[in-house]
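S.K.:
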Amino acid sequence: HLLSLIASAATKFNLEQLNYLIGFIDNSWKTETIPIKEKLIELLGAIGRGCQEDSAARVLEVLWDMAHEDQLHRSMLDHLLYCHLRVFSEGRSSYDALKRNYCLKCMTDLQRNQGWLVSALKHLYELLLHDLTNTFKISEPDLISLLVNKHDIISALIQSLSTCQLDVWNKTHGHVTIDTLVDGRFTHEESIKTHLDLLSFLLKKGNLYLILKRSEELWDTLITNENASSFGRELGLNWFITCVEDLSRDSQLALFEKRISKLDLSNLSPKGFECYKLYFARYNLERFRRAKRSSNDSNKSTLSN
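Here the numbering used here is used: the first residue of the sequence shown is 24, the next is one more, and so on.
(1) With DSSP as the reference, please indicate the residues paired to L204 in a beta bridge.
(2) Alpha carbon to alpha carbon, what distance is there between E249 and Q275?
(3) Which value, in whole angstroms, describes the spacing of the CA atoms of Y306 and T244?
(4) Starting from A33, trace the alpha helix (DSSP H) in both directions and tell me its first and last residue.
(5) Which term fits S252, buried or exposed, when burial requires 16 or more other beta carbons within 10 angstroms of its beta carbon?
(6) Fully enclosed by the region 40-76, which alpha helix (DSSP H) runs are 4 residues long or longer?
(7) Quick check: what's the CA-CA separation for G259 versus E309?
(8) So H107 is in the alpha helix (DSSP H); what residue range does that whole segment cover?
(9) In the DSSP assignment, the alpha helix (DSSP H) including G255 goes from what residue to what residue?
(10) Leaving aside the five residues before and after K62 along the sequence, list all residues of the same chain whose C-beta is less than 8 angstroms from its C-beta, in chain order.
(11) Where do the N-terminal and C-terminal ends of the alpha helix (DSSP H) with K281 fall, by residue?
(12) Can you list, in chain order, the residues of its chain whose CB lies under 7 angstroms from that of V191, leaving out five sequence neighbours each side?
(13) Is it right to say E257 is buried, meaning 16 or more other beta carbons lie within 10 angstroms of its own, or is it exposed?
(14) Among A69, K300 and K53, which has the Cα closest to the Cα of I32?
Next up, the structure:
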């Protein structure tokens with residue numbers, strides 16, 4: 024109850040008073056037990072949800088910095104980011120700029136490709152998905168457009184996947200398992216899924232197609248790469264199956280011709296065969312359509328003569 028009273032009072036603090044409280048919390052954070060730290064996180068989150076924008080920005084900054092501390096246990100990291108996300112749930116239109124700012128901070132962590140990578144991708148996904156108000160729904164496409172066009176997030180995601188895969192392979196000397204940790208917190212499987220989920224989300228919500236060049240890079244990274252793990256390969260195949268509509272028709276055909284048709288059918292897993300069959304069927308259907316159009320055009324030409 025004491026923390027609830029503090030949170031209620033703090034929502035009316037000016038910045039100077041809030042900074043004094045934050046200093047006290049910071050000192051306690053360095054020495055207190057895990058249960059007390061969890062309560063301090065809740066306190067900051069409650070203050071951030073109830074105060075004005077300038078104070079909320081300060082609380083968001085503190086939560087963000089805490090979440091970036093080294094050696095932070097995953098459960099506490101998740102709690103910090105959950106409270107950080109909830110500050111935006113109040114739906115105030117003025118928070119759009121703050122939301123955009125933290126999306127770009129996540130983008131910076133993606134480009135650095137260091138220990139906070141998976142957390143950054145998961146939080147970016149949640150920020151973009153967090154559309155509980157009409158305000159966020161309206162601004163979301165613009166934000167995705169900013170990330171795609173100005174910051175080239177699609178290319179960065181695929182490059183990040185490639186780098187992570189090589190790093191894990193080197194660290195384990197090729198003995199990568201489904202439980203191999205990439206950063207002490209998240210498994211390699213979670214890392215791949217997080218990359219692919221965000222990629223799919225960006226394409227669908229942004230009404231975008233994955234261009235052929237990026238499709239080939241993703242295929243080469245997850246499917247034919249000699250450093251690819253078996254479960255990573257299966258995740259990749261599943262992505263190309265479920266996200267087939269995120270490739271244009273021409274890209275689907277070209278990918279089949281240049282990559283998928285080169286697979287050794289005798290060594291394919293059930294998921295691999297499913298992928299081959301899907302793209303092969305689309306390839307044959309399109310060839311039939313084009314042949315039929317060509318025949319019709321030829322007949323029209325003959326009749327006109």
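Even glycine gets a Cβ: it sits at the ideal position worked out from N, Cα and C.
M.R.: Let me lay it out:
(1) For L204, which the question treats as bridged, DSSP gives the partners T210.
(2) Whole-angstrom Cα-Cα distance: 23 angstroms.
(3) Those two C-alpha atoms are separated by around 23 angstroms.
(4) That run of the alpha helix (DSSP H) goes L25 to A33.
(5) Buried: at least 16 other Cβ atoms inside 10 Å.
(6) Counting only runs of 4+ residues, the alpha helix (DSSP H) found wholly inside the region 40-76 occupies 57-73, in chain order.
(7) A direct Cα-Cα distance of roughly 24 angstroms separates G259 from E309.
(8) Taken as a continuous stretch (DSSP letters only), the alpha helix (DSSP H) holding H107 covers R97 to R109.
(9) In this chain, the alpha helix (DSSP H) harbouring G255 covers S253 to T265.
(10) Answer for K62: L26, listed in chain order.
(11) Unbroken alpha helix (DSSP H) run through K281: R272 to K281.
(12) Once the five neighbours on either side are set aside, the close Cβ partners of V191 are V199, T203, V205 and H211.
(13) Buried, since its Cβ has 16 or more Cβ neighbours within 10 Å.
(14) Sequence check: residue 32 is Ala here, not Ile. Taking the Cα of A32 as reference, the smallest distance to any Cα among A69, K300 and K53 is reached at A69.
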